[in-house]
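Engineer: Quick note: the sequence shown, position 104, residue 87 per the numbering used here, numbers continuous.
Backbone N, C-alpha and C define an ideal beta-carbon position, used for all residues, glycine too.
Note that the structure is a prediction, hence the values are computed from the model and not measured.
One structure coming up, written as structure tokens, with questions to follow.
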Amino acid sequence: MRKSISQLTQISWEEVFIKTVDQLDTNWKELGTDLSGELSGALFFWDDTQGNVGLSVCFAIDNNDPDDLLNEFDGGESAVDFDFVFSKVVPACKESERIQSSLKNELLDVLFEKAVAYSLTRTDFLKIKKMDPLYIYRAYAHNEPPTILFKVGKNKPEILDAKGFIQRRILKDHPYFSQIFGKEEWAEQYQDKFNEISQDDLAETLNHFLFTYWKEESKPEYIKAIAELLPIASKTVRSNRLRLVLAGYFSIDKKPELALQHLRELKEEEHLSTHFLWAREYFSSLEENPEFKEIVQRVKAMGR
-16 MRKSISQLTQ ISWEEVFIKT VDQLDTNWKE LGTDLSGELS GALFFWDDTQ GNVGLSVCFA
44 IDNNDPDDLL NEFDGGESAV DFDFVFSKVV PACKESERIQ SSLKNELLDV LFEKAVAYSL
104 TRTDFLKIKK MDPLYIYRAY AHNEPPTILF KVGKNKPEIL DAKGFIQRRI LKDHPYFSQI
164 FGKEEWAEQY QDKFNEISQD DLAETLNHFL FTYWKEESKP EYIKAIAELL PIASKTVRSN
224 RLRLVLAGYF SIDKKPELAL QHLRELKEEE HLSTHFLWAR EYFSSLEENP EFKEIVQRVK
284 AMGR
């Protein structure tokens, strides 16, 4: 501990601050070159998957709705590396974890926050195409809830209604949905830009939307908007997982007969009872329906 304190007194914190700002400037400059839309948010997080000696960052574009923006962040690239500080201060001893935690939370995190604020006034950030406002978040681990560090800009955020969500988000991020929405029947598979999308793949994507916008209660109206555009012909569905997720959409959209129609056609297969259990929370509006209760018993019998 004494050695760590001694090392701390020898560190030039002005130099650490300058190095941190330089790293942030580099990130903003590279982002400005690669950006395909308008920057709407950035999430910096202490990367506990990489030794917790720095922060990674992920970005969002074209969506500054604060109630939905956090759904946009995915992945992350290294942004600020503080290993040049940790390696000098944290010794290889039984107290190293406590020393590293204190250094991170009480010194470096405060310095990082001030460095971000300063970087937002500099040329590399100012050149970026961005929405007004945009939001800067920080989290203390890759899977911990973020908090807002800064709101940049003075305008009101653009709140996407359900129609705007379909046009600006679904069809932009998943363009193959243009082959699905408004059609009567389901195809065996769909063509994305680089690969083919199976009905099982679709089930996974549609379930992700259910989890994000309905289960997490961030934008339940988006789920109803999607449900209104999905094909209703259950006979063209070949995947049990897609049947289950479609039943969830139609149940949430208050269309019990369509939901039951898909559930009636579930085929016996391995893991059906597990998949049914996974999807059942989406069928809450059907729980008192006599036919639904029969379907539940039939699925349970298949799993024995």
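Return the chain-ordered ranges of every alpha helix (DSSP H) run that is complete within the stretch -16 to 71 and spans a minimum of 4 residues.
Structural biologist: The stretch -16 to 71 contains these whole alpha helix (DSSP H) runs: -15 to -7 and -4 to 17.
Engineer: In angstroms with no decimal places, state the Cα-to-Cα distance between Gln150 and Glu80.
Structural biologist: Stepping through the sequence shown from its first residue, residue 150 is reached at position 167. Stepping through the sequence shown from its first residue, residue 80 is reached at position 97. Looking at the two C-alpha atoms, the distance is approximately 48 Å.
Engineer: Using only CA atoms, which one of Ser(-5), Trp169, Gln244 and Gln174 lies nearest to Lys71?
Structural biologist: Position 88 of the sequence shown holds residue 71. Of the listed residues, the one whose Cα sits closest to Lys71 is Ser(-5).
Engineer: Less than 8 Å between the beta carbons of Pro116 and Ala122, yes or no?
Structural biologist: Taking the sequence shown and counting its residues from 1, one reaches residue 116 at position 133. Taking the sequence shown and counting its residues from 1, one reaches residue 122 at position 139. In this structure, Ala122 does not lie closer than 8 Å to Pro116 by Cβ.
Engineer: Spatial neighbours of Gly15 within its chain, please: CB distance less than 6 Å, with the 5 preceding and 5 following residues excluded, ordered by chain position.
Structural biologist: As a first step, residue 15 must be located in the sequence shown, where it is residue number 32. For Gly15, where only same-chain residues beyond five positions count, the Cβ hits under 6 Å are Lys110 and Ile111.
Engineer: Under 8 Å, do Glu199 and Ala145 count as touching if we go by C-beta distance?
Structural biologist: Locating residue 199 in the sequence shown gives position 216, where the first residue counts as 1. Locating residue 145 in the sequence shown gives position 162, where the first residue counts as 1. No; because the gap between Cβ atoms is not below 8 Å, this pair is not in contact.
Engineer: Which one or two residues does DSSP pair with Leu117 in a beta bridge?
Structural biologist: Counting from one through the sequence shown, the residue named residue 117 turns up at place 134. Val135, per the DSSP bridge assignment.
Engineer: Asp8 and Asp107 look like a contact to me (Cβ under 8 Å); what is the Cβ gap, rounded to whole Å?
Structural biologist: The count along the sequence shown starts at 1 and reaches residue 8 at position 25. The count along the sequence shown starts at 1 and reaches residue 107 at position 124. The pair is a contact, with the Cβ atoms about 5 Å apart (cut-off 8 Å).
Engineer: Would you decide whether Gly37 is buried or exposed? Buried here means 16 or more other CB atoms lie within 10 Å of its CB.
Structural biologist: In the sequence shown, residue 37 corresponds to position 54, counting from 1. Buried, by the Cβ-count rule.
Engineer: Tell me, which residues are paired with Gln150 by DSSP?
Structural biologist: As a working mapping, residue 150 is identified with position 167 in the sequence shown. DSSP, once it has assigned bridges, lists no residue as partnering Gln150.
Engineer: Between which two residues does the beta strand (DSSP E) carrying Glu179 extend?
Structural biologist: Against the sequence shown, residue 179 aligns to sequence position 196. Here the beta strand (DSSP E) through Glu179 covers Glu179 to Ser181.
Engineer: Under the three-state reduction of DSSP, which class applies to Lys186: helix, strand or coil?
Structural biologist: On the sequence shown, position 203 is the one that residue 186 refers to. Looking at the sequence itself, residue 186 is Ala, so the reference to Lys does not match. Note: Ala186 maps to helix in three-state DSSP.
Engineer: Can you give the Cα-Cα distance for Gln174 and Glu96, rounded to whole angstroms?
Structural biologist: The count along the sequence shown starts at 1 and reaches residue 174 at position 191. The count along the sequence shown starts at 1 and reaches residue 96 at position 113. About 44 Å.
Engineer: Please state whether DSSP places Thr130 in a helix, a strand or coil.
Structural biologist: As a working mapping, residue 130 is identified with position 147 in the sequence shown. In this structure, DSSP gives Thr130 an extended state, which the three-state scheme calls strand.
Engineer: Using C-beta distances below 6 Å, list every residue in its chain close to Glu274, excluding the 5 sequence neighbours before and after it, in chain order.
Structural biologist: Position 291 of the sequence shown holds residue 274. The answer, listed in chain order, is Leu243.
Engineer: Who are the Cβ neighbours of Thr3 in its own chain at under 7 Å, not counting the five residues just before and after it?
Structural biologist: Mapped onto the sequence shown, residue 3 falls at position 20. For Thr3, where only same-chain residues beyond five positions count, the Cβ hits under 7 Å are Val63, Leu94, Phe95 and Ala98.
Engineer: Please state whether the Cβ-Cβ distance between Leu227 and His191 is less than 8 Å.
Structural biologist: Taking the sequence shown and counting its residues from 1, the one referred to as residue 227 is at position 244. Taking the sequence shown and counting its residues from 1, the one referred to as residue 191 is at position 208. Against a cut-off of 8 Å, the Cβ pair of His191 and Leu227 comes out as no contact.
Engineer: Give the secondary structure of Ala122 by DSSP, where H, G and I count as helix, E and B as strand, and everything else as coil.
Structural biologist: The residue labelled residue 122 in the question sits at position 139 within the sequence shown. Three-state DSSP puts Ala122 in a strand.
Engineer: Just to check my reading of the structure: Ala43 and Gly24 have Cβ atoms closer than 8 Å, yes? What is that Cβ distance to the nearest angstrom?
Structural biologist: Within the sequence shown, the letter at position 60 stands for residue 43. Within the sequence shown, the letter at position 41 stands for residue 24. That belief holds up - the Cβ atoms of Ala43 and Gly24 are roughly 4 Å apart, short of 8 Å.
Engineer: Name the one or two DSSP bridge partners that Tyr173 has.
Structural biologist: As a first step, residue 173 must be located in the sequence shown, where it is residue number 190. According to DSSP, Tyr173 bridges with Ile180.
Engineer: On the criterion of 16 or more Cβ atoms from any shown chain inside 10 Å, does Ala124 qualify as buried, or is it exposed?
Structural biologist: The count along the sequence shown starts at 1 and reaches residue 124 at position 141. Flag for Ala124 reads exposed.
Engineer: Quick one: what's got a C-beta closer than 7 Å to Lys12's C-beta in the same chain, skipping five residues either side?
Structural biologist: In the sequence shown, counting from the first residue as 1, residue 12 sits at position 29. Contacts found: Asp107.
Engineer: Within the stretch 195 to 281, note down every full alpha helix (DSSP H) run reaching 4 residues or more, in order along the chain.
Structural biologist: 203 to 212, 223 to 235, 239 to 247 and 255 to 262
Engineer: Assuming Gln172 contacts Val220 (C-beta within less than 8 Å), just tell me the rounded distance between them.
Structural biologist: Walking along the sequence shown from the start, residue 172 turns up at place 189. Walking along the sequence shown from the start, residue 220 turns up at place 237. So it is not a contact: roughly 13 Å between Cβ atoms.
Engineer: Hey, how far is the Cα of Ala75 from the Cα of Val40?
Structural biologist: Position 92 of the sequence shown, counted from the first residue, corresponds to residue 75. Position 57 of the sequence shown, counted from the first residue, corresponds to residue 40. Because Ala75 sits at a pLDDT of 49, beneath the cut-off of 50, its placement in the model cannot be relied upon, and the following sentence gives the value as read from the coordinates. Linking Ala75 to Val40 through their CA atoms gives a straight-line distance of about 28 Å.
Engineer: In the DSSP assignment, the alpha helix (DSSP H) including Leu109 goes from what residue to what residue?
Structural biologist: In the sequence shown, counting from the first residue as 1, residue 109 sits at position 126. It spans Thr106 to Leu109 - the alpha helix (DSSP H) in which Leu109 sits, taken as one unbroken run.
Engineer: Could you check what DSSP says for Glu356 in three-state terms: helix, strand or coil?
Structural biologist: In the structure as shown, the chain starts at -16 and stops at 287, and residue 356 therefore has no counterpart that could be examined.
Engineer: If contacts are defined as beta-carbon pairs under 8 Å, then Phe67 and Leu86 qualify, I think. What distance do you get, rounded to the angstrom?
Structural biologist: In the sequence shown, the residue the question calls residue 67 occupies position 84. In the sequence shown, the residue the question calls residue 86 occupies position 103. Incorrect: roughly 12 Å between the Cβ atoms, too far for contact.
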